[in-house]
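Respectively, the protein sequence lines represent chains A and B.
Position in the first sequence (from 1) plus 54 gives the number in our numbering.
Position in the second sequence (from 1) plus 102 gives the number in our numbering.
The beta-carbon is built from N, C-alpha and C at its ideal position, and this holds for glycine as well.
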Amino acid sequence: MAIGVTGQQAGQVTEAIRVAVPDKGLKQDLRAIGIVWRRELIRFRSDRLRAITSLVQPVLFLFVLGTGLSGLASHGLPSGIDFKTFIYPGVLAMSVLFTAIFSAASIVWDREFGFLREMLVAPVSRSAIVIGKCLGGATVSTFQGILILALAGLAHVPYDPVLFLILIGELLLLSFTLTAFGVMMAARITQIQAFMALTQMLVMPLFFLSGALYPLNGLPGWLTVLTRLNPLTYIVAPMRHAVFSHLNIPPEMVNALSPGLTWFGWPVPVGVSLGIVAVMGATMLGIAIAEFQRTE
Amino acid sequence: MSEPAVLVDGLVKRYGEVEAVRGIGFEVAPGETFGFLGPNGAGKSTTIKILCTLAAPTSGTARVAGYDVVKNRDTVRRNIGLVFQDPTLDSYLTGEQNLRFHADLYGVPRQQLAPRMRQVLEMVGLWDRRQAVVATYSGGMKRRLEIARGLLHAPRVLFLDEPTVGLDPQTRSSIWEYINDLKQREDITIFLTTHYMDEAENCDRIAIIDHGKIVAIDTPENLKASVGKDRVQIRTADDQTAIAELKERFELEAAIHDGMVTFNVESGEQFVPRLFEGLSQQIKAVSVSRPSLDDVFMSYTGKTIRDAEATAGDRNRAQIMAFRRGR
Numbered sequence: 055m056a057i058g059v060t061g062q063q064a065g066q067v068t069e070a071i072r073v074a075v076p077d078k079g080l081k082q083d084l085r086a087i088g089i090v091w092r093r094e095l096i097r098f099r100s101d102r103l104r105a106i107t108s109l110v111q112p113v114l115f116l117f118v119l120g121t122g123l124s125g126l127a128s129h130g131l132p133s134g135i136d137f138k139t140f141i142y143p144g145v146l147a148m149s150v151l152f153t154a155i156f157s158a159a160s161i162v163w164d165r166e167f168g169f170l171r172e173m174l175v176a177p178v179s180r181s182a183i184v185i186g187k188c189l190g191g192a193t194v195s196t197f198q199g200i201l202i203l204a205l206a207g208l209a210h211v212p213y214d215p216v217l218f219l220i221l222i223g224e225l226l227l228l229s230f231t232l233t234a235f236g237v238m239m240a241a242r243i244t245q246i247q248a249f250m251a252l253t254q255m256l257v258m259p260l261f262f263l264s265g266a267l268y269p270l271n272g273l274p275g276w277l278t279v280l281t282r283l284n285p286l287t288y289i290v291a292p293m294r295h296a297v298f299s300h301l302n303i304p305p306e307m308v309n310a311l312s313p314g315l316t317w318f319g320w321p322v323p324v325g326v327s328l329g330i331v332a333v334m335g336a337t338m339l340g341i342a343i344a345e346f347q348r349t350e
Numbered sequence: 103m104s105e106p107a108v109l110v111d112g113l114v115k116r117y118g119e120v121e122a123v124r125g126i127g128f129e130v131a132p133g134e135t136f137g138f139l140g141p142n143g144a145g146k147s148t149t150i151k152i153l154c155t156l157a158a159p160t161s162g163t164a165r166v167a168g169y170d171v172v173k174n175r176d177t178v179r180r181n182i183g184l185v186f187q188d189p190t191l192d193s194y195l196t197g198e199q200n201l202r203f204h205a206d207l208y209g210v211p212r213q214q215l216a217p218r219m220r221q222v223l224e225m226v227g228l229w230d231r232r233q234a235v236v237a238t239y240s241g242g243m244k245r246r247l248e249i250a251r252g253l254l255h256a257p258r259v260l261f262l263d264e265p266t267v268g269l270d271p272q273t274r275s276s277i278w279e280y281i282n283d284l285k286q287r288e289d290i291t292i293f294l295t296t297h298y299m300d301e302a303e304n305c306d307r308i309a310i311i312d313h314g315k316i317v318a319i320d321t322p323e324n325l326k327a328s329v330g331k332d333r334v335q336i337r338t339a340d341d342q343t344a345i346a347e348l349k350e351r352f353e354l355e356a357a358i359h360d361g362m363v364t365f366n367v368e369s370g371e372q373f374v375p376r377l378f379e380g381l382s383q384q385i386k387a388v389s390v391s392r393p394s395l396d397d398v399f400m401s402y403t404g405k406t407i408r409d410a411e412a413t414a415g416d417r418n419r420a421q422i423m424a425f426r427r428g429r
């Protein structure tokens with residue numbers, strides 16, 4: 055039976071193409087990062103349902119909660135300022151929260167369906183795979199945030215190119231840190247149910263304690279402490295600052311609406327705030343890489 | 103170049119108190135198709151994992167394509183292709199995208215990629231389906247795609263861990279056609295594990311492994327010749343009495359395997375008429391077969407591969423599980 059096949063194809067037998075695989079090096083690792091990153095994009099593009107469903111929650115918060123509470127909230131806001139505008143930066147952060155953490159869940163899937171093995175047996179460093187994965191998740195979820203960014207006008211936020219660049223940069227930073235967090239967890243948690251349950255449990259407290267829905271000043275002591283411990287707070291505050299400083303309103307009103315983050319009365323500069331998020335992202339990336347280097 | 107493709111010496115792998123591999127050694131010559139035959143739990147998969155750098159040996163050495171699997175892990179990885187027992191494809195990607203992913207991870211030079219990709223896809227008959235998402239492939243197509251992917255970076259040794267497990271008989275034989283065909287085209291050594299006797303016959307040489315040890319290593323022909331005797335299986339009204347009578351009257355050691363009284367005897371066909379005269383029990387069914395690898399396995403281990411699987415596999419797995427739980 056083997057003869058049939060070889061005989062039939064004998065006419066087209068050609069020399070096997072000699073492939074010379076290069077030695078390990080930075081160029082190799084960059085190429086590996088590139089393909090792991092691209093795979094995330096390909097999968098995201100083919101999964102339109104996920105893109106749509108993960109828009110539902112931010113849209114609900116912005117337009118249903120935002121509109122519903124606007125009458126009540128108007129008493130605490132200067133006239134002409136919509137509650138939707140106030141919560142817009144927080145909702146923006148939320149839109150990447152789900153996508154970023156869930157994109158890390160694909161590692162758990164990959165492990166279950168064996169594809170992780172294909173990556174782990176390759177002659178590239180594990181860090182290339184983890185970095186590629188984090189960049190992929192960051193890109194995909196930033197894209198998700200950009201969809202919410204497109205709705206800015208409906209929350210009375212101006213379509214200002216500088217503002218948009220700042221916000222996209224901040225979304226990218228946030229997405230990367232969140233994906234690194236997810237990947238770090240995925241290194242240890244091997245069951246998809248457990249991973250999903252844990253992220254579900256974490257996402258809402260993170261969101262509610264970030265100051266996305268209320269200002270960070272004048273809170274009771276316990277809530278002040280909790281908000282300051284929440285990493286998400288350090289990205290929501292700069293985002294809100296960016297949005298309000300691009301509105302056409304007097305500076306004292308900006309300060310009232312976006313009082314900024316304080317530690318025991320010391321106002322935390324935007325740079326420090328973003329730096330904290332970046333350092334956390336880098337730390338979790340480092341832990342994730344170490345975890346994956348340990349396995350097998 | 104005369105260096106062995108695989109060189110194993112005194113290899114031991116211990117999981118806690120369980121010795122999965124108990125000091126094995128062998129050589130595989132370049133270009134050879136070498137088969138590891140044994141029941142589940144005999145130590146096949148553990149050995150292949152060590153050779154593929156996925157597990158570290160407890161003691162002993164292993165060299166693949168001339169490199170030490172512990173000291174030169176990445177070099178070994180670049181020189182081997184792997185097809186695992188369980189699928190490792192991304193079913194959301196197309197066949198072509200899966201190969202492209204592999205090419206980038208293994209650093210296949212870009213200018214060689216397109217012709218090489220076409221070559222391996224045509225070799226396994228999937229060139230026309232390359233744009234289809236892998237989720238739409240059949241089980242046999244997926245396995246073929248994995249073989250194509252394992253060959254993409256032109257490895258010197260291709261490892262196939264149970265390449266046809268879980269496939270229907272027709273697909274199994276077609277996978278073997280592709281493997282035999284690829285031997286004609288590529289300058290490659292194939293190392294495979296199987297627990298199917300009929301598949302082991304496709305190998306140039308076979309190592310029979312049982313309880314973590316190699317019990318025999320030779321060509322299929324030589325192994326079969328070493329047994330010499332035919333296998334006779336009978337079903338009788340009272341098997342225990344039949345076994346006793348076989349020993350008493352013919353001096354034959356018989357035992358029940360696969361539900362039938364089984365024994366080996368020279369010139370089986372000529373023995374059968376004597377059997378009918380000599381046994382008091384009514385014989386309901388008889389089968390005589392030429393020595394197969396199954397008989398080889400039996401003559402070296404005292405049991406058929408199915409018997410061995412029923413006991414060894416379960417026991418080993420239970421021990422390993424207990425060890426993992428206890429840790």
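Test item: CB-CB of residue i and residue j under 7 Å
{"i": "E259(B)", "j": "I182(B)", "result": "Checking the displayed sequence, the identity of residue 259(B) turns out to be Val instead of Glu. Closer than 7 Å, so yes."}
{"i": "N271(A)", "j": "P313(A)", "result": "yes"}
{"i": "G181(A)", "j": "I343(A)", "result": "The residue you asked about is not Gly; residue 181(A) is Ser in the sequence shown. A contact, by the Cβ cut-off of 7 Å."}
{"i": "S108(A)", "j": "T139(A)", "result": "no"}
{"i": "V178(B)", "j": "V171(B)", "result": "yes"}
{"i": "A250(B)", "j": "V267(B)", "result": "no"}
{"i": "L72(B)", "j": "A205(B)", "result": "Since the first and last residues shown for chain B are 103 and 429, residue 72(B) lies out of range."}
{"i": "T338(B)", "j": "A344(B)", "result": "yes"}
In DSSP terms, what residue i is bridged to
{"i": "Q347(A)", "result": "Answer is none; Q347(A) lacks a bridge partner."}
{"i": "V324(A)", "result": "According to DSSP, V324(A) bridges with nothing at all."}
{"i": "R449(B)", "result": "Any property of residue 449(B) remains undetermined from this structure, which presents chain B solely from 103 to 429."}
{"i": "M362(B)", "result": "H359(B)"}
{"i": "G137(B)", "result": "L294(B), I308(B)"}
{"i": "L260(B)", "result": "G183(B), I292(B)"}
{"i": "I319(B)", "result": "A309(B)"}
{"i": "A164(B)", "result": "V110(B)"}
{"i": "T338(B)", "result": "I385(B)"}
{"i": "V367(B)", "result": "D332(B)"}
Cβ shell of residue i (< 8 Å), same chain only, five flanking positions each side left out
{"i": "I246(A)", "result": "A159, V162, W163, E166"}
{"i": "D320(B)", "result": "R307, I308, S328"}
{"i": "D111(B)", "result": "G127, G162, T163, A164"}
Residue i (DSSP reduced to helix, strand or coil)
{"i": "F117(A)", "result": "helix"}
{"i": "L221(A)", "result": "helix"}
{"i": "S391(B)", "result": "strand"}
{"i": "D396(B)", "result": "helix"}
{"i": "I152(B)", "result": "helix"}
{"i": "E129(B)", "result": "strand"}
{"i": "E105(B)", "result": "coil"}
{"i": "I303(A)", "result": "coil"}
{"i": "E119(B)", "result": "coil"}
{"i": "D188(B)", "result": "coil"}
{"i": "Q233(B)", "result": "coil"}
{"i": "I243(A)", "result": "coil"}
{"i": "D332(B)", "result": "strand"}
{"i": "S401(B)", "result": "helix"}
{"i": "D170(B)", "result": "strand"}
{"i": "I385(B)", "result": "strand"}
Own chain, CB closer than 6 Å to residue i, minus 5 neighbours either side, in chain order
{"i": "P112(A)", "result": "V145, M148, S149, I202"}
{"i": "P159(B)", "result": "L113, K115, I152"}
{"i": "R294(A)", "result": "P143, S312"}
{"i": "G190(A)", "result": "W91, E94"}
{"i": "L447(B)", "result": "In the structure as shown, chain B begins at 103 and stops at 429. Residue 447(B) is therefore absent and cannot be evaluated."}
{"i": "T149(B)", "result": "V123"}
Cutoff 7 Å; reference residue i; Cβ partners in own chain excluding five residues on either side
{"i": "G145(B)", "result": "A122, V123, I311, G314"}
{"i": "R351(B)", "result": "G380"}
{"i": "V290(A)", "result": "P143, G144, A147, S264, G265, A266"}
{"i": "P323(A)", "result": "none"}
heavy atom of the ligand SAH below 6 Å from residue i C-beta
{"i": "I281(B)", "result": "The model depicted lacks the ligand SAH and carries no ligand whatsoever."}
Name, going along the chain, the residues of the stretch 198 to 216 of chain B whose beta-carbon falls closer than 8 Å to a beta-carbon of chain A. Q199, R202, F203, H204, D206, L207, Y208, G209, V210, P211, Q214
Check each residue of the stretch 154 to 169 of chain A: if its Cβ is closer than 9 Å to any Cβ of chain B, include it; give the result in chain order. D164, F167, G168, F169
Select from the stretch 263 to 274 of chain B all residues with a C-beta closer than 8 Å to any C-beta belonging to chain A, and list them in chain order. none
According to a CB-to-CB cut-off of less than 8 Å, which residues of the stretch 138 to 157 of chain B neighbour chain A? C154, T155, L156, A157
Just by C-beta distance, which residues in the stretch 159 to 180 of chain B are closer than 7 Å to chain A? D176, R179, R180
Residues, ordered as in the chain, of the stretch 87 to 100 of chain A that lie near chain B by beta-carbon distance below 9 Å: G88, I89, V90, R92, R93, I96, R97, S100
Interface residues of the stretch 294 to 327 of chain B facing chain A [CB-CB below 7 Å]: none
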